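For reference, the structure discussed in these notes is given below.
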Amino acid sequence: MTGRTKRQDNGALALLAFAQLVIGLDFGIVFTALPSIGAALSFSPENLQWVVSAYTLTIGGFILLGSRASDLLGRRRMFILGLILYAVASLIGGLAPTGGVLVAARAIQGLGGALLFPATLSLVNTTFAEGAARNRAIGVWSSAGAAGGAVGVVAGGLVTSLLGWEWVFFINVPLAAGAAVLAPVLLNRDAPVVSTAADLWKRFDVGGALAATVTALLLVFGLIRALDGDWGSLANVVTFAGSALAALIFIAVEKRVANPMLPFALFRQRGLITGVVVAFAFMAMFGAQFYLLNIWMQQVRHFDPAQAGLGTLPLSLCIVVGAQVGGRLVTRVGARTTLLIGIATGLVGLVYLSLSLSTGGNYFAELLPGVIVTGIGQGMTFTGLWITASTGASKENAGIVSGIASTAQQIGAPVGLAALVGIAHLGQPANASEVIVGRLNEGVSHGLMFSAVLSLLIGIVVLLVAPRRSRPAVGTTPVAMAVAHDGDGPVPV
């Protein structure tokens, strides 16, 4: 960004990466503490999932709204507000006397995440010029999220054992609050597009925001219920039908209003379309991989939870490495080629894992090589998809572009988890008290191979749809870059 020194840019990037690390840390650390939380607060097995699902529901339901709020009310302002919500919700979660209070706190955390995640990514996109500087920044940002997940997986067991489950929430309070305090110092103030209530009412698409939020909330809620095998119940059919109806209302509203929440012209950008497809598939494939590998280690190979956490640590660390490689690779060969390399690398790792897993083999021979290769591929893919999605977007739409891809990611996670969990447990008796180890090993292998096939299909989509030239020429404007990259004529972005 003009007018800023390299030191200022590095300070801003460090803060934005730290915020992403906090999000990743929270994801990993809570999963590890779930058994202790369930025992302490007397959760039933079927209700314990809501400690995770409440967060998923609100971040998935409100992320588009949070994205547009960043564009209209100011990215730095929403960044700070998201961190404050995170800190307050974490404090409430740690102090929660009942399961209901904890679930409510997790829902508030998800709302904070719906503001924080798109604000963080759009601040990266608007602070760093499109090209090498932004590619490097997104690589660092992506790595921070993966590093947070890795730290969370390991720290969760230690914190829970030494201090109690409450501290997996308390640990977020100083981290989020400290980042909020540093934001006015390290981040430039971006003037909000709207400054008065009347202007906000005029510019903010209230009807579209409500319809989009209801659409996403009902869709994510239905997918969460589907994870419990509730796909075809009347309640879930009504939930999905309500989501579809709200989506139709949203489309009708957006076509009529002067300042739509989601300008449909954005979808003429092939980069954004590619980013959305890859974001959805990425989480559908790789979001469930931690689950599949964990149940294989614990139920097939009988690792204890701490050993399983350490067993998946190389995956997170390799994602960090892959994200850094991806950021550099985009600058050299372009985002499209980087995506193809990342997807192909991940595919090779998934095939290796699928073919090598057995009930009595060696972790270092069966699991580790595939985990390393898959992790590096995931990291490259993750970096490439965000760069591809944001290519050519103007500052005015940086938030909503981030939100569109983020929403696809949030929806992809439960879809993939539902599908892959179903595949992994095929052949298991419905009411058996113990799993049939051989069938579970076979099911996990089939789930990983299914992910590999999906990777191949997504690679074909990238090959056909992704813009071939994703590196801007010097001096091009955002709109000019959209024309140059897409080849579909001018796109008002």
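Numbered per numbering that gives the first Met the number 0, the sequence shown spans residues 0 to 492.
Note that beta-carbon positions come from the ideal geometry of N, C-alpha and C, so glycine has one too.
Since this is a predicted model, take the numbers as computed values, not measurements.
For Asn134, the uninterrupted alpha helix (DSSP H) segment begins and ends at 131–161.
Comparing C-alpha distances from Leu174 to each of Ala136, Leu90, Pro96 shows the shortest one belongs to Leu90. Comparing alpha carbon positions, the residue from Gly147, Arg327, Ala210 closest to Val21 is Gly147. In this structure, Gly415 sits near Ala287, with a CB-CB distance shorter than 8 Å. A Cβ-Cβ distance of about 6 Å is found for the pair Phe78 and Thr119, placing them in contact under the 8 Å criterion. The alpha helix (DSSP H) runs of length 4 or more contained entirely in the segment 273–298 are, from start to end of the chain, 288–294.
In the DSSP assignment, Lys254 falls within the unbroken alpha helix (DSSP H) covering 233–255. The three-state reading of DSSP puts Arg335 in helix, counting H, G and I together. When secondary structure is reduced to three states using DSSP, Pro262 falls in the coil class, being assigned neither helix nor strand. The three-state reading of DSSP puts Gln268 in coil, since its state is none of H, G, I, E or B. By the CB criterion at 8 Å, Val102 and Trp49 fall inside the cutoff.
In the DSSP assignment, Asp25 falls within the alpha helix (DSSP H) that extends over 5–39. Under the three-state reduction of DSSP, Ala128 is assigned to coil, being neither helix nor strand. Counting the other CB atoms within 10 Å of its CB gives Val443 a total of 16 or more, which places it among the buried residues.
When Ala18, Ala280, Phe263, Ile272 are compared, the shortest CA-CA separation from Gly177 is found for Ala18. Of the other Cβ atoms in all chains shown, fewer than 16 fall within 10 Å of the Cβ of Leu162; this residue is therefore exposed. For Gly59, the CB contacts under 6 Å within the same chain, skipping 5 residues up- and downstream, are Ala215, Val219, Gln409 in chain order. Contact between Ala404 and Ala208 is absent: CB atoms are separated by about 18 Å, not below the 8 Å threshold.
Rounded to whole angstroms, the Cβ separation of Leu222 and Pro413 is 4 Å, and the two are in contact under 8 Å. Each of Ala343, Tyr362, His445, Thr387 was checked against the Cα of Gly458, and the nearest Cα belongs to Ala343. Between the beta-carbon of Val192 and that of Leu80 there is about 16 Å, and that puts the pair past the 8 Å contact cut.
According to the DSSP assignment, Ser393 belongs to no alpha helix (DSSP H), since it is labelled neither H nor E. In its chain, beyond the 5 residues on either side, Gly65, Met77, Leu80, Gly81 have a beta carbon closer than 6 Å to the beta carbon of Leu114.
The beta-carbon separation of Val329 and Gly348, rounded to 21 Å, does not stay under the 8 Å limit for a contact. Assignment of Ala423 by DSSP, reduced to helix, strand and coil, places it in the helix class. In the structure shown, the three-state DSSP call for Pro183 is helix. The alpha carbon of Gln323 has as its nearest neighbour, out of Leu265, Thr390, Thr273, Ala136, the alpha carbon of Ala136. In this structure, Gly109 lies near Ala53, with their beta-carbon atoms less than 8 Å apart. In the DSSP annotation of this structure, the continuous segment of the alpha helix (DSSP H) that includes His445 starts and ends at 436–464.
Of all C-beta pairs linking the segment 357–377 to the segment 307–315, three or more are shorter than 8 Å, placing the two stretches in contact. Boundaries of the alpha helix (DSSP H) harbouring Ala388: 367–389, taken from the DSSP string.
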